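Residue 1 is where the sequence shown starts when you use the UniProt record's numbering, and the numbers rise one by one after that. Beta carbons are placed, not taken as given, at the ideal position from N, Cα and C, and that holds for glycine. Remember, it's a predicted structure, so these values are computed and weren't measured experimentally.
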Amino acid sequence: EFFLTNTEIDALLLENNLIKKYSPKYNILLKDEKTYPFIKISKEDFPSIKIVRTTKALDIKTGEYFGPYPYGAWRLKAVLMKLFKIRDCNRDMKKKSQRPCLKYYMKSCTGPCVYKDIKEDYNNDIESLKQVLRGNSSKLISELSILMNKSAEEMDFEKSIIYREQIKELKNIANSQIIQYERELDEDIFVFKTILDKAFICVLNMRDGKILG
């Protein structure tokens with residue numbers, strides 16, 4: 001028996017779910033109850049971005065989750081922080097810090113722990129980041145393409161290259177994005193297709209929000 005999947009990532013996710021279901025004797029790496037990592041955007045005044053790999057159900061009260069990612073989660077997080085300057089610290093945002101951390105000076109965070117007046121712009125960046133993680137990055141790519149061409153026309157080739165690399169990263173994100181249900185649904189999904197005099201049926205078994213086959 002075998003399953004056909006559209007992408008390598010689909011195959012890895014299905015493998016993870018099936019190993020946890022059947023516990024085959026020689027597959028030891030994925031037998032623990034942990035999942036592939038998710039990216040979590042917390043629900044705070046100034047949301048943070050985190051990598052989460054948990055044995056428990058995802059806590060949707062404290063954040064919004066994207067993934068899972070069989071590989072590249074940490075690189076994706078780094079790219080998103082570079083693009084949107086979102087914090088990943090554990091600082092209490094209800095308090096005002098005396099000074100920002102090193103990441104502010106490295107231009108990978110806008111320093112909301114100190115500069116509270118950037119809340120509107122920060123939340124706009126969070127929404128753009130979420131759209132990218134949902135696979136809706138076409139608008140941002142178009143905006144960056146305009147900036148890239150404008151920089152090239154102004155002979156600012158260094159900035160143009162930066163925009164080009166950002167566009168490349170966004171396209172890579174879009175090509176690898178896989179969404180798993182946040183809720184633990186148990187469903188059997190039936191798809192029917194008729195071709196000439198033949199009928200085809202596909203059944204997807206979903207348990208705890210995961211496709212098992």
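- When the alpha-carbon of Glu-64 is set against those of Phe-84, Ile-39 and Lys-85, the nearest one is in Ile-39.
- Taken through DSSP and simplified to helix, strand or coil, Lys-168 comes out as helix.
- Here the C-alpha atom of Glu-158 lies approximately 13 Å from the C-alpha atom of Gln-166.
- With 16 or more other Cβ atoms inside 10 Å of its own Cβ, Thr-110 counts as buried.
- Taken through DSSP and simplified to helix, strand or coil, Lys-43 comes out as coil.
- In the DSSP assignment, the residues bridged to Phe-38 are Val-52.
- The C-beta distance from Val-132 to Leu-170 rounds to 6 Å, short enough to meet the 8 Å contact threshold.
- Cβ-Cβ distances below 7 Å link Lys-193 to Phe-200 in the same chain, with the five nearest sequence neighbours on each side left out; the list follows chain order.
- Judged by DSSP in its simplified three-state form, Glu-154 adopts coil rather than helix or strand.
- Within its own chain, the residues whose Cβ lies closer than 6 Å to the Cβ of Lys-50, once the five positions on either side in sequence are excluded, are Lys-40, listed in chain order.
- DSSP places Tyr-104 in the helix class (H, G or I) of the three-state scheme.
- Within its own chain, the residues whose Cβ lies closer than 8 Å to the Cβ of Leu-129, once the five positions on either side in sequence are excluded, are Ile-41, Ile-49, Leu-80, Leu-83, Phe-84 and Ile-86, listed in chain order.
- Met-93 places its beta carbon less than 7 Å from that of Glu-44.
- Between Tyr-36 and Tyr-69, the gap from beta carbon to beta carbon is short of 7 Å.
- Going by C-alpha positions, Leu-102 is about 11 Å away from Cys-89.
- About 5 Å separates the Cβ atoms of Met-148 and Ser-160, confirming a contact at the 8 Å cut-off.
- The shortest CA-to-CA distance from Arg-75 to any of Pro-100, Asn-172 and Glu-187 is the one to Asn-172.
- When rounded, the separation of the alpha-carbon atoms in Lys-119 and Lys-168 is 28 Å.
- Burial check for Leu-196: the Cβ neighbour count within 10 Å stays below 16, so the residue is exposed.
- Taking C-alpha positions only, Gln-98 is separated from Val-114 by approximately 7 Å.
- Minimum Cα-Cα distance from Ser-145 among the listed residues Glu-153, Tyr-163, Gly-135 and Arg-134 corresponds to Tyr-163.
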